[in-house]
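Protein chains in written order, with the working numbering: chain E, 11 to 120; chain U, 72 to 186. Glycine included, each C-beta is placed from N, C-alpha and C at the ideal position.
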Amino acid sequence: QKEVEQNSGPLSVPEGAIASLNCTYSDRGSQSFFWYRQYSGKSPELIMFIYSNGDKEDGRFTAQLNKASQYVSLLIRDSQPSDSATYLCAGNNAGNMLTFGGGTRLMVKP
Amino acid sequence: GAVVSQHPSWVICKSGTSVKIECRSLDFQATTMFWYRQFPKQSLMLMATSNEGSKATYEQGVEKDKFLINHASLTLSTLTVTSAHPEDSSFYICSARGTSLSEQYFGPGTRLTVT
Numbered sequence: 011q012k013e014v015e016q017n018s019g020p021l022s023v024p025e026g027a028i029a030s031l032n033c034t035y036s037d038r039g040s041q042s043f044f045w046y047r048q049y050s051g052k053s054p055e056l057i058m059f060i061y062s063n064g065d066k067e068d069g070r071f072t073a074q075l076n077k078a079s080q081y082v083s084l085l086i087r088d089s090q091p092s093d094s095a096t097y098l099c100a101g102n103n104a105g106n107m108l109t110f111g112g113g114t115r116l117m118v119k120p
Numbered sequence: 072g073a074v075v076s077q078h079p080s081w082v083i084c085k086s087g088t089s090v091k092i093e094c095r096s097l098d099f100q101a102t103t104m105f106w107y108r109q110f111p112k113q114s115l116m117l118m119a120t121s122n123e124g125s126k127a128t129y130e131q132g133v134e135k136d137k138f139l140i141n142h143a144s145l146t147l148s149t150l151t152v153t154s155a156h157p158e159d160s161s162f163y164i165c166s167a168r169g170t171s172l173s174e175q176y177f178g179p180g181t182r183l184t185v186t
């Protein structure tokens with residue numbers, strides 16, 4: 011069983027809608043979580059990180075962490091076609107390395 | 072964010088030859104560097120972790136004699152794919168970390184094609 015799980019998608023949302031991306035993790039020792047965006051053929055780029063329970067907002071992006079339920083989510087408001095990409099969730103493991111989920115492919119349709 | 076460069080961005084080589092990929096952190100000192108491999112439509116697979124001046128730690132199933140990693144300085148790590156075969160064709164991405172997990176940045180990747 012993978013330590014970080016994501017639905018592979020694709021998740022399709024219309025332009026202007028809210029895209030909700032979810033991630034669950036199995037390692038209760040994980041404290042830090044990261045969301046990366048990866049365009050096709052490109053390397054991942056960090057969008058946000060979150061350490062504390064609750065919400066963290068940055069522009070159109072909101073990361074949510076619920077340690078009791080072991081899930082992390084990323085909300086993208088006012089989705090744009092340029093947001094179409096694969097979103098990778100990652101958490102730190104006992105060795106303080108990042109463990110990546112398989113990624114969710116998001117498609118924002120004009 | 073910080074900049075991590077990789078060279079070359081793409082390379083085509085013949086089966087049996089070796090290829091070296093360089094990864095540099097341009098504006099910060101990377102205490103740890105990571106090498107990932109990604110096949111089409113699949114997620115990142117960590118190959119190895121290296122700390123400056125130390126031997127790399129390889130993930131299970133990754134042949135250390137085939138994928139040679141050298142982390143000679145705080146700004147440079149190299150991955151050499153020795154005796155490359157067509158099944159080694161993949162997208163190789165390095166990542167460099169500074170002092171914290173949030174200070175981990177990816178290079179642009181190197182697309183290797185072995186013919």
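For residue i, which residues from the same chain have a beta carbon less than 6 Å from its beta carbon, with the 5 sequence-adjacent residues on both sides left out?
i        : result
U/Asn122 : Thr103
E/Thr72  : Asp65 and Leu85
Can you find a CB in chain E that lies within less than 9 Å of the CB of residue i?
i        : result
U/Thr102 : no
U/Leu117 : yes
U/His146 : It is worth fixing the name first, because residue 146 of chain U is Thr in this sequence and not His. Not closer than 9 Å to any Cβ of chain E, the Cβ of U/Thr146 fails to qualify, so no.
Just tell me which of the options has its CA closest to the CA of residue i.
i        : options                                   : result
U/Thr184 : U/Val74, U/Gln175, U/Gly87 and U/Gly124   : U/Gly87
U/Ala127 : U/Thr151, U/Ala119 and U/Glu134           : U/Ala119
E/Ala104 : E/Val118, E/Ala78 and E/Asp37             : E/Asp37
E/Ala100 : E/Gln48, E/Asp68 and E/Gln90              : E/Gln48
E/Phe44  : E/Leu98, E/Val118 and E/Asp68             : E/Leu98
E/Leu116 : E/Phe110, E/Leu108, E/Thr96 and E/Asn106  : E/Thr96
E/Ala27  : E/Arg70, E/Ser40, E/Thr34 and E/Cys33     : E/Arg70
U/Leu150 : U/Ser144, U/Glu158, U/Ile140 and U/Asp159 : U/Ile140
U/Phe105 : U/Glu158, U/Ser160 and U/Ala167           : U/Ala167
Counting contacts by CB-CB distance shorter than 9 Å, is residue i in contact with chain U?
i        : result
E/Met117 : no
E/Asn17  : no
E/Lys52  : yes
Does the distance between the C-beta of residue i and the nearest non-hydrogen atom of the ligand NAP fall short of 8 Å?
i       : result
E/Asn32 : With respect to the ligand NAP, the structure offers nothing, as it holds no ligand at all.
Once the 5 residues before and after residue i are set aside, which same chain residues still bring their CB inside 7 Å of it?
i        : result
U/His156 : Ser86 and Val185
E/Val14  : Cys33, Tyr35, Cys99, Ala100, Gly101, Thr109, Phe110 and Gly111
Flag this pair as yes or no: are the beta carbons of residue i and residue j separated by less than 9 Å?
i        : j        : result
U/Glu93  : U/Ser76  : yes
U/Tyr107 : U/Tyr163 : yes
E/Ile118 : E/Ser94  : With the sequence shown as reference, residue 118 of chain E is identified as Val, and Ile is not the correct amino acid for it. In this structure, E/Ser94 lies closer than 9 Å to E/Val118 by Cβ.
Would you mind giving the Cβ-Cβ distance between residue i and residue j, rounded to the nearest angstrom? I have them listed as a contact below 8 Å.
i        : j        : result
E/Asn106 : U/Leu172 : 7 Å
E/Ser42  : E/Tyr61  : 5 Å
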